[in-house]
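Residue numbers (the working numbering), protein chains in the order written: chain A, 16 to 408; chain B, 786 to 929.
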């Protein structure tokens, strides 16, 4: 395995351009329709053509075999390797990691990465995270698993339903400034608390909405960049996938409370953060902007704490003080997060990356954070997975 | 009225079948003899996923524990679940050092609290298409 200094010594890798479709319900289109549009948008943004791409890594969860191939077949067919990535909700940032590794190790100079999802319309979100008998028991309700974690969080740290509601309010406020978000309307704490209970203590407005969408980015070496202006480099990309004893997003007994009583290994999200700090050489104090994983209100707070931005249980207080607002000390989810944008599983991570990219290039319009130079995003995925990406100007 | 209605377990091997009327069912777990870790359900493949040891033995778990977390689900889960809605589930921590994911029963869900004592019961989960009672384990808060 490479040492930290060997990893840092690899050639720099840049994001040359991005494409992100609006997140909404695409009734009359399939993933390869809006997905291929994201690819074309990224190529245009990077001032490149399809023939420049040497390898492709595309994420999706529910689209089936050859999903990346189908999207690319709407763009061009040049015999390059196409790999489909399924790491649940972290698919598109894991796809980015593969592209990053390929360019850093000089295997390729220009790669396409990204992801897309047209969410299933009815009933079954078939997840292999639960065995069949567990599904009959009613354990496989992801929202309810987060609720179990929220109950413990309230018990251990005194967090309240109002704290959780405040996450939704902040993100919906930011989402109102994002033309690509499925929800562009603010909500109040009262509206969140009055929305119907899904699984105690989680209300409907503590849950992110479903949406369809696609994302793509061109990842390349420095010499392939068409524009040397406002270069955005990938400082690090980390993936951790499951530590026994205590782990995040759903996988039977280990989810949100079912972890071991005796064995306390580091949580998978904390481990990813630890590796990200080690390899990048940065610390939490260096990050100007953070895309947290807010699939449900409490998970944004856990994302912030697991990365090390504050102590466990502290995030609700800092949120109340405005620390995570767009004009706060550490803006979180400036594009509205999953809460406003919606959650097409195969594209969510990529959306986080695009927001950081635009923020670092001062292209975020009304959402712009002044002087953002280093940005970070955290994508969790059932598995469990934790993918942490740091971008820098 | 069909009196041949059977009781069938949701899954074999999750709990013991009492051999006498005085015996109560117990959940069947695994204990790793190398690292001491306890698992539920038991590890039929005989492998400890903590230490990678292959020295496990089945153990009967305590019938009582404390509620570690719970939630009350107000929505119908997609496809599989055929029990009542709303329903409550969560984790019970047993004294030997294992948390069991479980349904909760025999109480007003409004009364559920973290830290409550609860005991194992074997109860109907739902009636299947042949009107058999599909049985499962649940935990019932102990009223003092």
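Virtual Cβ for every residue (Gly too), placed ideally from N, Cα, C.
Helix or strand or just coil, what does DSSP make of residue i?
i	result
residue 223 (chain A)	coil
residue 820 (chain B)	coil
residue 876 (chain B)	strand
residue 371 (chain A)	helix
residue 210 (chain A)	coil
residue 279 (chain A)	coil
residue 887 (chain B)	strand
residue 160 (chain A)	helix
residue 243 (chain A)	coil
residue 114 (chain A)	helix
residue 834 (chain B)	coil
residue 864 (chain B)	coil
residue 299 (chain A)	helix
residue 856 (chain B)	strand
residue 217 (chain A)	strand
residue 145 (chain A)	coil
residue 363 (chain A)	helix
residue 761 (chain B)	Outside the displayed span of chain B (786 to 929) sits residue 761 (chain B), for which this structure offers no information.
residue 274 (chain A)	coil
residue 119 (chain A)	helix
For residue i, which residues in the same chain have their Cβ closer than 7 angstroms to its Cβ, ignoring the five residues on either side in sequence?
i	result
residue 103 (chain A)	76, 360, 396, 397, 398 and 400
residue 184 (chain A)	202, 203, 204 and 207
residue 878 (chain B)	850, 851, 853 and 884
residue 394 (chain A)	104, 105, 108, 308, 363, 364, 367 and 402
Considering just the uninterrupted stretch of the beta strand (DSSP E) at residue i, what are its terminal residues?
i	result
residue 251 (chain A)	247-255
residue 895 (chain B)	No beta strand (DSSP E) holds residue 895 (chain B); DSSP gives it neither H nor E.
residue 131 (chain A)	125-132
residue 390 (chain A)	389-396
residue 909 (chain B)	902-912
residue 771 (chain B)	Residue 771 (chain B) is absent from the model: chain B starts at 786 and stops at 929.
residue 400 (chain A)	400-407
residue 228 (chain A)	228-236
residue 100 (chain A)	97-100
residue 792 (chain B)	792-794
residue 305 (chain A)	304-306
From residue i to residue j, what does the alpha carbon distance come to, in whole angstroms?
i	j	result
residue 902 (chain B)	residue 862 (chain B)	27 angstroms
residue 268 (chain A)	residue 274 (chain A)	With a pLDDT of 40 at residue 268 (chain A), under the threshold of 50, the modelled position of that residue is not reliable, and the figure given next carries that caveat. Using only the alpha carbons, I get a separation of about 6 angstroms.
residue 130 (chain A)	residue 197 (chain A)	18 angstroms
residue 107 (chain A)	residue 350 (chain A)	17 angstroms
residue 919 (chain B)	residue 827 (chain B)	21 angstroms
residue 92 (chain A)	residue 125 (chain A)	16 angstroms
residue 804 (chain B)	residue 175 (chain A)	48 angstroms
residue 134 (chain A)	residue 150 (chain A)	20 angstroms
residue 30 (chain A)	residue 392 (chain A)	15 angstroms
residue 321 (chain A)	residue 833 (chain B)	27 angstroms
residue 319 (chain A)	residue 171 (chain A)	17 angstroms
residue 409 (chain A)	residue 47 (chain A)	Given that chain A is displayed from residue 16 to residue 408, the structure contains no residue 409 (chain A) and the question cannot be resolved.
residue 270 (chain A)	residue 238 (chain A)	Confidence in residue 270 (chain A) is poor, its pLDDT being 47 and thus under 50, which makes the residue's placement too unreliable to answer from.
residue 347 (chain A)	residue 81 (chain A)	34 angstroms
Skipping 5 residues on each side, what residues in its chain have a beta carbon closer than 8 angstroms to that of residue i?
i	result
residue 52 (chain A)	34, 36 and 229
residue 173 (chain A)	328
residue 180 (chain A)	204, 207, 208, 218, 220, 221 and 312
Residue range of the alpha helix (DSSP H) that residue i falls in?
i	result
residue 286 (chain A)	283-295
residue 180 (chain A)	176-190
residue 353 (chain A)	352-356
residue 377 (chain A)	It is not in any alpha helix (DSSP H) - residue 377 (chain A) carries neither H nor E in the DSSP assignment.
residue 848 (chain B)	Segment: none, residue 848 (chain B) is in no alpha helix (DSSP H) and carries neither H nor E.
residue 382 (chain A)	That residue, residue 382 (chain A), is in no alpha helix (DSSP H); it is neither H nor E in DSSP.
Apart from the five residues on each side of it in sequence, which residues of its chain come closer than 6 angstroms, Cβ to Cβ, to residue i?
i	result
residue 831 (chain B)	839 and 841
residue 245 (chain A)	376
residue 857 (chain B)	871, 873 and 894
residue 823 (chain B)	814, 816, 881, 882 and 883
residue 182 (chain A)	312 and 315
residue 248 (chain A)	27, 29 and 407
For a contact defined as C-beta to C-beta under 7 angstroms, what are the partners of residue i on chain D?
i	result
residue 214 (chain A)	Chain labels in this structure do not include chain D; the protein chains are A and B.
Can you determine whether any heavy atom of the ligand SAM sits closer than 6 angstroms to the C-beta of residue i, and answer yes or no?
i	result
residue 920 (chain B)	Absence of the ligand SAM from the depicted structure is noted, as is the absence of any ligand whatsoever, leaving it without description.
Discussion item. Quick check on the DSSP output: what are the complete alpha helix (DSSP H) runs of length 4 or more inside the region 19-93 of chain A, in order along the chain?
Written reply: 19-23, 46-60 and 82-87
Practice prompt. List in chain order: all unbroken alpha helix (DSSP H) runs of 4+ residues lying wholly within the region 312-344 of chain A.
Written response: 312-322 and 330-335
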